[in-house]
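Colleague: If you read the sequences in order, they're chains A and B.
Mapping of the first sequence onto the numbering used here: position 38 corresponds to residue 38, and the numbering continues sequentially without gaps.
Heads up, the numbering used here is the position in the second sequence plus 282, with the first residue counted as 1.
For reference, the structure I am asking about is given below.
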Amino acid sequence: MIPVKFDYLAPTSVEEALAALGEHGDDAKILAGGQSLLPVLRMRLNAPEVVIDLNGISSLRGIRDDGDAIVIGAMTTHHDVRDHELVKEHALLLAKAAAEVADSQIRHRGTFGGALAHADPAGDLGAPALALGAQFVVQGPGGSRTVEADDFFVDLFETAIGDDEILTEVRIPKHTGWGAHYEKFVRVAHQWPIVAVAVTVKGSIDEARVGLTNMGSTPLRARATEAALAGASATEDGVRAAAEQAAEGTNPPSDLNGAADYRQHLARVLTGRAVLKAAGAA
Amino acid sequence: MTATQDRPAAEIGKDRRRKEDQRLITGRTRWTDNITLPGMLHLAMVRSPFAHANITSVDVEAAKSSPNVVTVLSGKDFGEELGACINAWPITPDQKTPAHSPMPADRVAFAGEIVAVVVARTSAEARDAAELVDVEYEELPAVVGIKNALKDEVLAHPDLGTNKSALWVFDSGEAGTGTDAEAAITEARANGIVIEREYRQQRLIPAFMEPRSVVVDPTGEQITMWSATQIPHILRFALAATTGVPESKIRVIAPDVGGGFGGKLQVTPEEWIAWAVARRLMKPVKYTETRSESLMAAHHGRDQVQTLTLAADKDGKVTGLKVHLDADLGSYVAIVGGGVPVLGAFMFNAIYKFPAYRFECQTVLTNTTFTDAYRGAGRPEATYAIERLMDELAAEVGVDPLEIRERNWITHEEFPFTTVAGLEYDTGNYEAATAKARASFGYDELRREQAERRERGDRVQLGIGVSTFTEMCGLAPSRVLGSLDYGAGGWESASVRLTPLGKVEVVTGASAHGQGHETAFSQIVADRLGVPFEDVEVLHGDTQVAPKGLDTYGSRSLVVGGEALVKAVDKVIDKAKVLAAHLLEANADDLDYADGKFTVRGTDQGKAIQELATATFAGHDYPEGMELTLDADATYDPVNFNYPHGTHLCAMEVDTETGAVKMRKYTCCDDIGTIINPLIVAGQVHGGLVQGIAQALWEEAVHDEAGTLVSGSFVDYLLPTSADTISFDVVHTDDPSICTTNTLGTKGVGEAGTIASTPAVVNAVVDAVRHLGVNDIQMPCTPERVWRAIHANDGDAATPADAMPHFHEGSLNQDEGAGA
């Protein structure tokens, strides 16, 4: 499996990377962890003329406390997200979802920002980011701007990141003490989720956030379920009733792993289970 | 010289770590793809995106002017020197066999078929240029799917006039091996039980770890081909037979090969093209497929629709079985493609005493990747069908699935037993294997838990699946294979050579590709010849080193090749005895041979085999008439297949809300006769089980209506990893049934796990939800299929026809009151 020939650039600063991106435009692809890009290149499904590798930009790695939020550098690996104390304390849902990404090798190479920027609707991090109200910091020639989670995911493999911009970091508002669970439904362990549900709840249950993976062309929030759960008690019957609304407004794909109606059924069942687990009631 | 007394008493039965593993696991070895020859050129294939199309034109000019491209050739650039991909097993005299050119010039018959080859100085440049080859196609209607093919409306090969390749029939009434199956079914419809089912064997992809690779070096007097193949000897034969090069000018080498599972039991278009290009350019060439190409164009396996009618009396004693198979050959009749389902013909009656049996197999051609052997080849399909049916019969009669089997199986006193399919099973003990499996599994306890869960209406239900399998393996015997119109024999060859300093070189015609022959064969020779295990070197896989052989498949290497080895060792000992008698000035009749040493009975005089080897090399003192060599060759052709068997028990948990299935416990008790190396056997069983379980739960090659492979990468073709399996409980009978057709007493084990496990798993899944009205779930039992089967009758979900396919819609077509 040999990619089409490309030029390789390895900038050491975001500014340098942006300059390269400005110069090559559509002919360039950004390489983060490479866990999606390299297979695509090797199967010749894409043939950029230039690959801009962000791995040499150390400022893009790491997780820091920023008052009411934690900030995760775009090039932080899934493994580091999963294991970081700040994440476990303030965004437990992310730690749980990061632990479920593919397999150990991929978690050590794949990056948080790379996966979000790739915006595969079956990716494990979009729904948790959405549920936690993440803010995406993108940097372009004119400086940085922040995109709210609800505006970030545009369509299949499409985000609000401009052609001349790079995702540099993601701010996650602190959800300190919130319970969390990521319920992933797969046939084999290393598979993309057929459906997954990301839930984080405050108390039991004051407030709930429910994100859905692979239930449409972008990650989705199950808002009707969230509304039904607010102020509800974490009983099996109550939660399951709320979860009945989880598939509202979804438009999941039909493929070898399941037809759309089956996925919607799964979304309802898994939402109920995830909420109960997040609330410590299962 | 190593002192022979240091050698452990018995190698056979010892858990030897595999001597080949260090080099295989670390990759410090010779795979085909890491062979680099001076001046070597690299090939890239241009493949058809269409399943069926006329090739109108092939414009190679742009590709030819791409950097470092040497030439680009399409089908019309070759003549007869390109040869043909052969079918070595026409199953009937009137079989329709489409001509199979390695690179057709006029028409492609499956998506992935090769239409041109690019030759360049690097593989990257070859691949780049391949994208510049401009092929114009006139698309033709493609036929995909067995049932579509049977209609003969769209033809895979219009010139043949039909998609039906061959109809192969066995009828026990006609053959005189039993009575008339139709009569038994008629009787059962009136007074007994008839179970009718349609089971689908989905298409599978062998998915060996090392993609196929071939290197051809035409330099020198002989043309050498290295290939990642299971069958170097058959490959040499076929190259000579179809390309006009004398066998004596061909050397084929299968270096270390990274798995095959039947998938490398093929003579491939890629090998033939590499051969033709190297000969034309007189340069060494290499071709290694990508994983995408491997999934698309290396042969697939299974793919049958099984229409089954089982007749029994009301107590569940089977009175007859009728089997009609429709088997998808894909686009061509591959080397043994048509024969694979026929190998199953003799196994549908399995371990049972069925009085009447009829088997029909209709092979059909479609515009899909051609199919051929995949681990088990014919026998998993048969075992699946009968073991699923026996569970259905048990449910119908209302007795435990183990009980229904006991009512029908051959008891251990009845061996040797001639079956309704005409085979003579030499030995076996189904009672012993079942008893041991049952105890180890905790059968009764799990049945209790199952009942409790049903009683409580638990969300997660428990099911227990049974599979009491046997198989015919150790492919041989040559005469039987001949009677089935198979194109080759089934014998195996071995040579044993003593080096001047007393080491042992063993040459086998079997061609290991992961099995551990080097270790197991060394153990056999070490014991038989009485030399240290470490002193034995096993050589194989090179027609110049091992000139004779029929290679590795069908669980044959140990039971056929191992016995050839024993015979060769015995000849060496006989030759050495003459020299020993001379040097010891004793009568040969007074010599004993033990632990690698001849001793003169009643004295302390002796000669070690190593001393005799050195003496032979020196040639200073030897008897008149002795040829100065101790080396020996032997060939072995057994008179019968061998018949390993086992009882496999599987417990599956089914989440009735989502349809998700989870394995809880798997126990197998295999009776495989004498075990040479328990560790290797455990590895074979574990790997085999996973492959069989994968058919039950995960793997399926899917073509869309246009003939495009939808499951064309490992994203969609789901292979399990260790994360998806549990630790299996692998046991063996305490007093194994020794095989009578080889002196070691061994039976094959390479395919056992794959053959047995698939029905055990599906039986367990169905058993978990049978009380919810389910009696079948199509493989692979995806969560969606399980969920839809559960909810088929409650209006919650639409049930697609393929979740529970039956050839009579609705419930069992018999009196509800029939049976107990």
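For glycine and all other residues, C-beta sits at the position ideal for the given N, C-alpha and C.
Buried or exposed: where does residue 725/B fall if 16 or more other Cβ atoms within 10 Å of its Cβ makes it buried?
Modeller: Buried: at least 16 other Cβ atoms inside 10 Å.
Colleague: For a contact meaning CB atoms closer than 8 Å, what does residue 245/A contact in chain B?
Modeller: Ordered by position in chain B, no residue passes the 8 Å Cβ test against residue 245/A, which lies about 17 Å from the chain.
Colleague: Identify the residues that DSSP records as bridge partners of residue 916/B: which are they?
Modeller: For residue 916/B, which the question treats as bridged, DSSP gives the partners 776/B.
Colleague: Can you give the beta carbon distance from residue 756/B to residue 427/B, rounded, assuming they're within the 8 Å contact cut?
Modeller: Incorrect: roughly 35 Å between the Cβ atoms, too far for contact.
Colleague: Would you verify that the beta carbon of residue 201/A is, or is not, closer than 9 Å to some beta carbon of chain B?
Modeller: Residue 201/A does not count as touching chain B.
Colleague: How about residue 106/A: is its C-beta nearer than 9 Å to some C-beta of chain B?
Modeller: Answer no: the Cβ-Cβ gap between residue 106/A and chain B never drops below 9 Å.
Colleague: When the cut-off is 9 Å and only beta carbons count, does residue 980/B lie next to chain A?
Modeller: Yes, residue 980/B counts as interfacial toward chain A.
Colleague: Identify whether residue 899/B lies in helix, strand or coil by the three-state DSSP scheme.
Modeller: In this structure, residue 899/B counts as helix in the three-state DSSP scheme.
Colleague: Ends of the alpha helix (DSSP H) at residue 173/A?
Modeller: No alpha helix (DSSP H) contains residue 173/A, which is instead part of the beta strand (DSSP E) from 166 to 173.
Colleague: So residue 521/B contacts chain A; which residues on that side make the cut at Cβ distance below 7 Å?
Modeller: None at all; the shortest Cβ gap to chain A is about 28 Å.
Colleague: Measuring only between beta-carbons, confirm whether residue 103/A sits less than 9 Å from chain B.
Modeller: Yes, contact with chain B.
Colleague: May I ask you to report which of helix, strand or coil DSSP gives residue 382/B?
Modeller: Correct three-state label for residue 382/B: coil.
Colleague: Taking its Cβ as the centre, do 16 or more other Cβ atoms sit within 10 Å of residue 772/B, making it buried, or is it exposed?
Modeller: Buried.
Colleague: With the cut-off set at 9 Å, would you say residue 4/A and residue 499/B are in Cβ contact?
Modeller: No, these two residues do not count as a Cβ contact at 9 Å.
Colleague: Should residue 1000/B be flagged as near chain A, meaning a C-beta pair shorter than 9 Å?
Modeller: Yes, contact with chain A.
Colleague: Report the start-end ranges of each alpha helix (DSSP H) in the segment 630 to 663 of chain B that is 4 residues or longer and not cut off at the edges.
Modeller: Whole alpha helix (DSSP H) segments, 4+ residues: zero.
Colleague: What does residue 190/A reach in chain B if we use C-beta pairs closer than 8 Å?
Modeller: Near residue 190/A (Cβ distances below 8 Å), the residues of chain B are 1003 and 1005.
Colleague: Excluding five sequence neighbours on each side, which residues of the same chain lie with their C-beta closer than 6 Å to the C-beta of residue 1007/B?
Modeller: Taken in chain order, the residues that qualify are 972.
Colleague: Is it true that the CB of residue 485/B sits closer than 9 Å to the CB of residue 376/B?
Modeller: In this structure, residue 485/B does not lie closer than 9 Å to residue 376/B by Cβ.
Colleague: Should residue 947/B and residue 803/B be called a contact, given that it needs their Cβ atoms to be closer than 9 Å?
Modeller: No; because the gap between Cβ atoms is not below 9 Å, this pair is not in contact.
Colleague: What residue range is occupied by the uninterrupted alpha helix (DSSP H) comprising residue 306/B?
Modeller: Run containing residue 306/B: 303 to 308, per the alpha helix (DSSP H) assignment.
Colleague: How would you list, in chain order, the residues of chain B whose beta-carbon sits under 8 Å from the beta-carbon of residue 284/A?
Modeller: No statement about residue 284/A is possible, as the shown extent of chain A runs from 1 to 282 and does not include it.
Colleague: Just checking: is the beta-carbon of residue 258/A within a distance shorter than 9 Å of some beta-carbon in chain B?
Modeller: For residue 258/A, the answer is yes, since a Cβ of chain B falls inside 9 Å of its Cβ.
Colleague: Compare the C-beta of residue 1084/B with all C-beta atoms of chain A and state if any pair is closer than 9 Å.
Modeller: Per-residue confidence for residue 1084/B stands at a pLDDT of 48, beneath the threshold of 50, marking its modelled position as unreliable; the derived number appears in the next sentence. It does not: the Cβ of residue 1084/B has no partner Cβ on chain A nearer than 9 Å.
Colleague: Which residues, taken in chain order from the segment 262 to 279 of chain A, show a beta carbon closer than 8 Å to some beta carbon of chain B?
Modeller: Within the segment 262 to 279 of chain A, the qualifying residues are 262, 265, 266, 269 and 270.
Colleague: Quick test of your reading: residue 75/A and residue 54/A, contact by CB under 8 Å. State the CB separation rounded to the nearest angstrom.
Modeller: Right, their Cβ atoms sit about 6 Å apart.
Colleague: Give me the Cα-Cα distance between residue 673/B and residue 597/B, rounded to the nearest whole angstrom.
Modeller: Roughly 14 Å between the two C-alpha positions.
Colleague: Measure the CB-CB distance between residue 776/B and residue 849/B and report whether it falls below 9 Å.
Modeller: Yes, Cβ-Cβ distance for residue 776/B and residue 849/B is below 9 Å.
Colleague: Would you mind reading off the limits of the beta strand (DSSP E) that contains residue 486/B?
Modeller: Residue 486/B -> beta strand (DSSP E) spans 475 to 486.
Colleague: Who does residue 945/B pair with in a DSSP beta bridge?
Modeller: Answer is 934/B.
Colleague: Would residue 510/B pass as a contact of residue 493/B if the rule is Cβ separation under 9 Å?
Modeller: Going by C-beta atoms, residue 510/B is nearer than 9 Å to residue 493/B.
Colleague: Return no unless some Cβ of chain B is closer than 9 Å to the Cβ of residue 70/A.
Modeller: For residue 70/A, the answer is no, since every Cβ of chain B falls outside 9 Å of its Cβ.
Colleague: Give the DSSP-derived three-state secondary structure of residue 313/B in the structure shown.
Modeller: Residue state, collapsed to three classes: coil.
Colleague: Residues in the same chain with beta-carbon distance under 6 Å from residue 798/B, minus the five sequence neighbours each way, listed in chain order, please.
Modeller: Only 300 and 962 meet the Cβ criterion.
Colleague: What is the residue span of the beta strand (DSSP E) that residue 428/B lies within?
Modeller: Here residue 428/B belongs to no beta strand (DSSP E); instead the alpha helix (DSSP H) covers 428 to 433.
Colleague: Please name the residue, chosen from 1063/B, 1059/B and 1066/B, that lies closest to residue 480/B on a Cα-to-Cα basis.
Modeller: Considering only alpha carbons, the answer is 1059/B.
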